[in-house]
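In my numbering, each residue carries its 1-based index in the sequence shown increased by 3. All residues carry an ideal CB built from backbone N, CA and C; glycine is no exception. In this text, all values refer to a predicted model and were calculated from it rather than measured experimentally. Below: the structure, in structure tokens.
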Amino acid sequence: MAAAGKAVLVIGNKNYSSWSMRPYMALAMGGIPFEEKLIRFGEPRFSREVKKISAAGLVPVLLHKGNTVWDSLAIIEYAAETWPKANIWPKTAAARAMARSVSAEMHSSFRAIRNDCPVNLRRPKVPLKAGFSEGVMNDVKRLESLWAQCRKTHGKGGPFLFGKFSGADAMFAPVVTRLDSYAIPVKKETRAYMNAVMATPAFKAWLADALKEPWIVPHDEAE
Ligand SMILES: N[C@@H](CCC(=O)N[C@@H](CS)C(=O)NCC(=O)O)C(=O)O
């Protein structure tokens with residue numbers, strides 16, 4: 004599939020695949036060479052194709068030197084270990100401890116915003132017609148407070164959560180786009196952080212590809 008030894012990142016549609024965006028951001032921002040293989044959602048073939056690679060049947064999956072790594076956070080951890088020069092996690096143990104904690108919190112929480120506001124990069128930037136639930140607004144409050152905590156404690160060296168771009172920013176990139184796509188009101192500092200993530204070359208490249216995709220997945224089109 005790939006040139007010997009080169010990593011292959013198996014992803015879903017760039018317009019919709021929140022989980023695929025995370026390892027893509029970490030690998031691309033870390034300067035790690037990889038190829039992409041996109042398997043389209045909403046086709047009967049999707050599950051068959053993904054299950055040939057990973058029994059979990061979900062994307063993203065990373066294939067590298069005979070290893071199959073599924074799950075976005077596991078891929079980011081694998082990449083941090085395999086390509087240490089990419090500096091995927093921050094340098095100090097204290098910053099790494101917080102970066103891993105917030106990444107795990109992102110992975111296991113924020114159900115309301117994830118359910119109500121699916122990633123949809125081509126969506127006109129307007130609020131949900133029905134308004135936002137209390138659950139969504141609580142998620143936004145928690146996101147803003149934990150981002151502020153990271154920035155205040157470890158963010159001196161740049162515009163990202165731990166100064167320089169890290170695995171934590173990759174983990175939050177999809178929820179950054181949700182805040183943006185659904186025009187959810189946020190504080191000035193939050194907006195500045197969102198702008199920094201969306202100005203990265205990796206995000207711009209992902210978005211450009213997403214906007215070229217013609218495929219519509221009705222399930223992810225929230226009005
Ligand atoms: N925990 C997994 C979740 C992966 C996941 O839910 N992927 C979605 C796409 S964003 C998927 O493959 N959905 C296809 C399906 O449900 O058939 C991760 O973080 O990688």
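- For I79, the enclosing alpha helix (DSSP H) stretches over residues S75 to T85.
- Cα atoms of K88 and K155: separation of roughly 26 Å, rounded to the nearest angstrom.
- Looking only at P121, F113 and Q152, the smallest Cα-Cα distance to E137 is reached by F113.
- Under the criterion of beta carbons closer than 8 Å, F37 and K68 do not qualify as touching, at roughly 12 Å.
- A residue is called buried once 16 or more other Cβ atoms fall within 10 Å of its Cβ, and S23 is buried on that count.
- For K54, there is no enclosing beta strand (DSSP E); the residue is found in the alpha helix (DSSP H) stretching over P47 to I56.
- Taking all protein chains in view, the Cβ of A82 is crowded by 16 or more other Cβ atoms within 10 Å, so the residue is classified as buried.
- Three or more beta-carbon pairs separated by less than 8 Å are not found between the stretch 135-154 and the stretch 70-80, which leaves the two stretches without contact.
- Nearest to D223 by C-alpha distance, out of N198, F49, A171 and C120, is C120.
- For G60, the closest C-alpha among the options V13, A31 and A96 is that of V13.
- The beta carbon of A186 is closer than 8 Å to those of K128, V129 and P130 in its chain, skipping five residues each way along the sequence.
- Remark: the C-beta of S75 is in contact range of ligand 1, defined as less than 7 Å to any heavy atom.
- In this structure, A107 is the residue among T95, A225, I35 and A107 with its C-alpha nearest to the C-alpha of D172.
- For K207, the uninterrupted alpha helix (DSSP H) segment begins and ends at P204 to K215.
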